[in-house]
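Down below is the structure, laid out as structure tokens.
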Amino acid sequence: MHWLLLSILIDFGFVQLFKYGQRKRLYAPIVVSTNYLTVALSLGIYLATTDQFTISEPALKTGLMTGVVFISSMTLMTYVMEIAPVGTVLTAFRMSIAVPVALGVSLWGEVITPEQLGGIPLALLALVLMTSSFKRTTQISKGKALGFLFAVFFIQGISHSCLRSVHYTGLDDQFLQVLLITGATAGTIGSIGIALQKRRPTRSELALGSFIGLYNALALCIIMITLSKLPGTLFFPAMGCGVVLLDNLAAHFFWKERLNRLAGLGVALAVAAIVLVI
Numbered sequence: 003m004h005w006l007l008l009s010i011l012i013d014f015g016f017v018q019l020f021k022y023g024q025r026k027r028l029y030a031p032i033v034v035s036t037n038y039l040t041v042a043l044s045l046g047i048y049l050a051t052t053d054q055f056t057i058s059e060p061a062l063k064t065g066l067m068t069g070v071v072f073i074s075s076m077t078l079m080t081y082v083m084e085i086a087p088v089g090t091v092l093t094a095f096r097m098s099i100a101v102p103v104a105l106g107v108s109l110w111g112e113v114i115t116p117e118q119l120g121g122i123p124l125a126l127l128a129l130v131l132m133t134s135s136f137k138r139t140t141q142i143s144k145g146k147a148l149g150f151l152f153a154v155f156f157i158q159g160i161s162h163s164c165l166r167s168v169h170y171t172g173l174d175d176q177f178l179q180v181l182l183i184t185g186a187t188a189g190t191i192g193s194i195g196i197a198l199q200k201r202r203p204t205r206s207e208l209a210l211g212s213f214i215g216l217y218n219a220l221a222l223c224i225i226m227i228t229l230s231k232l233p234g235t236l237f238f239p240a241m242g243c244g245v246v247l248l249d250n251l252a253a254h255f256f257w258k259e260r261l262n263r264l265a266g267l268g269v270a271l272a273v274a275a276i277v278l279v280i
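Residue numbers (our numbering): 3 to 280.
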């Protein structure tokens, strides 16, 4: 269980680093792409120096697919956050934990206990309430907003599922190679998009992206190890609620963002959901 706790804490730190970049008004696509390229570079150096750089065909295919999904998810989310209510987008993003849980049960035969079955909808409700304190942005039509939010929900859920698939495709001992290809693919696609926009990176954007990339390389390794040890029906609800719970507490006490009553209720429900799930 210590791996689960460590995964929650390190993913929480990852979220806070991006929040810092947002506060500094750094261009998110550049930070994200630099992050992925740094992940690939750091893992590539490690594998090369330890004589493990050989990449199998299954690891290559899984990494390519995961990289495409990762950059698509991050690009979509950053775009939708500019045109739709931020809290609603983050709720859809966090509720995507339902996708790998459902696939874990239906595709990979993961067992879900009655307590976990009760904890998952409670976790989803907690996520909705905890993101209710985020400010609203530019309004768009309900139909268009619903389509974008479903897209965010679905593709982020597939991102989680790609990481989960590593265990069930027998690549636990090659997860570093998978992450290297994932980072290289996502970073390359993101960089091409930035080049097409003719957006010139600033030193601050590159510096933060590189730092996040080094942090993310460690975070992804810890998450992959945790996924090799725990079922997704436990990991994803606990991770989703745990990170948002800590994020809300940090927002209130560190970033000085006042939580409303619904968000406070969400925090309480999140604690109850985590207890049920684990």
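Every residue gets a Cβ at the ideal spot worked out from N, C-alpha and C, and that includes glycine.
> Which runs of the alpha helix (DSSP H) spanning at least 4 residues fall entirely within the region 186 to 212, listed in chain order?
Replying inline: none
> For the putative contact between Ala61 and Gln176, defined by C-beta atoms under 8 Å, what is the C-beta separation to the nearest angstrom?
Replying inline: Reading the sequence shown from its first residue, position 59 is the one you call residue 61. Reading the sequence shown from its first residue, position 174 is the one you call residue 176. Rounded, the Cβ-Cβ distance is 5 Å, consistent with contact.
> Which residues bound the alpha helix (DSSP H) around Gly23?
Replying inline: What you label residue 23 is simply residue 21 of the sequence shown in a count that begins at 1. Element bounds for Gly23: His4 to Arg25.
> In its own chain, which residues sit with a C-beta less than 7 Å from the C-beta of Ala270, not counting the 5 before and 5 after it?
Replying inline: Here residue 270 refers to the residue found at position 268 when the sequence shown is read from its first residue. Within the same chain, Ala270 has no close Cβ partners at all.
>> Please state whether the Cβ-Cβ distance between Val17 and Asp174 is less than 8 Å.
In response: Along the sequence shown, one-based indexing puts residue 17 at 15. Along the sequence shown, one-based indexing puts residue 174 at 172. Against a cut-off of 8 Å, the Cβ pair of Asp174 and Val17 comes out as no contact.
>> Measuring only the C-alpha atoms, how far is Val168 from Pro233?
In response: The count along the sequence shown starts at 1 and reaches residue 168 at position 166. The count along the sequence shown starts at 1 and reaches residue 233 at position 231. Distance between the alpha carbons of Val168 and Pro233 is about 13 Å.
>> With a threshold of 8 Å, are at least 3 pairs of Cβ atoms found where one atom belongs to the region 203 to 212 and the other to the region 64 to 82?
In response: no
> What's the gap between the Cα of Lys361 and the Cα of Ala86?
Replying inline: This structure does not reach residue 361, given that the chain is present from 3 up to 280, and the question cannot be answered.
> Thinking just about the alpha-carbon of each residue, which of Phe256, Arg96 and Val33 is nearest to the one in Gly195?
Replying inline: Within the sequence shown, numbered from 1, the residue matching residue 195 stands at position 193. The option with the nearest alpha carbon to Gly195 is Val33.
> Ordered along the chain, which non-local residues of its own chain (more than five positions away) have a Cβ less than 6 Å from that of Ala30?
Replying inline: Numbered from its first residue, the sequence shown carries residue 30 at position 28. For Ala30, where only same-chain residues beyond five positions count, the Cβ hits under 6 Å are Thr80.
> Comparing alpha-carbon positions, which option in Leu182, Val107, Arg96 and Leu247 lies nearest Val154?
Replying inline: Position 152 of the sequence shown, counting from 1, holds the residue named residue 154. Val154 has its Cα closest to that of Arg96, out of Leu182, Val107, Arg96 and Leu247.
> Is Gln54 helix, strand or coil by DSSP?
Replying inline: Along the sequence shown, one-based indexing puts residue 54 at 52. In the structure shown, Gln54 sits in coil (DSSP, three-state: anything other than H, G, I, E or B).
> Which of helix, strand or coil does DSSP assign to Phe256?
Replying inline: Taking the sequence shown and counting its residues from 1, the one referred to as residue 256 is at position 254. Here Phe256 sits in coil by DSSP.
>> Give me, in chain order, the residues of the same chain whose beta-carbon lies closer than 7 Å to that of Gly120; leave out the 5 immediate sequence neighbours on both sides.
In response: The sequence position of residue 120 within the sequence shown is 118, counting from 1. Excluding residues within five positions, the ones whose Cβ falls inside 7 Å are Leu278.
> Beta carbon of Leu151, beta carbon of Ala104: below 8 Å?
Replying inline: One-based indexing of the sequence shown puts residue 151 at position 149. One-based indexing of the sequence shown puts residue 104 at position 102. Going by C-beta atoms, Leu151 is not nearer than 8 Å to Ala104.
> Are Ser35 and Ser212 closer than 8 Å when you measure CB to CB?
Replying inline: Here residue 35 is taken as the residue at index 33 of the sequence shown, counted from 1. Here residue 212 is taken as the residue at index 210 of the sequence shown, counted from 1. No, Cβ-Cβ distance for Ser35 and Ser212 is not below 8 Å.
>> Applying the 10 Å Cβ sphere with the 16-neighbour rule, what's the burial state of Arg25?
In response: Along the sequence shown, read from residue 1 onward, the residue named residue 25 stands at position 23. With fewer than 16 Cβ atoms within 10 Å of its Cβ, Arg25 is classed as exposed.
>> Using a Cβ-Cβ cutoff of less than 7 Å, which residues in the same chain neighbour Pro102 once the five nearest sequence positions on both sides are dropped?
In response: Stepping through the sequence shown from its first residue, residue 102 is reached at position 100. So the qualifying residues of the chain are Gly159, His162, Ser163, Arg166, Gly234 and Phe238.
> Distance, Cα to Cα, Ile114 vs Ile10?
Replying inline: As a working mapping, residue 114 is identified with position 112 in the sequence shown. As a working mapping, residue 10 is identified with position 8 in the sequence shown. The alpha-carbon atoms of Ile114 and Ile10 are separated by roughly 21 Å.
>> If you reduce the DSSP assignment to three classes, tell me which class Tyr29 lands in.
In response: On the sequence shown, residue 29 is found 27 positions in, with the first residue counted as 1. Of the three classes helix, strand and coil, the one that applies to Tyr29 here is coil, per DSSP.
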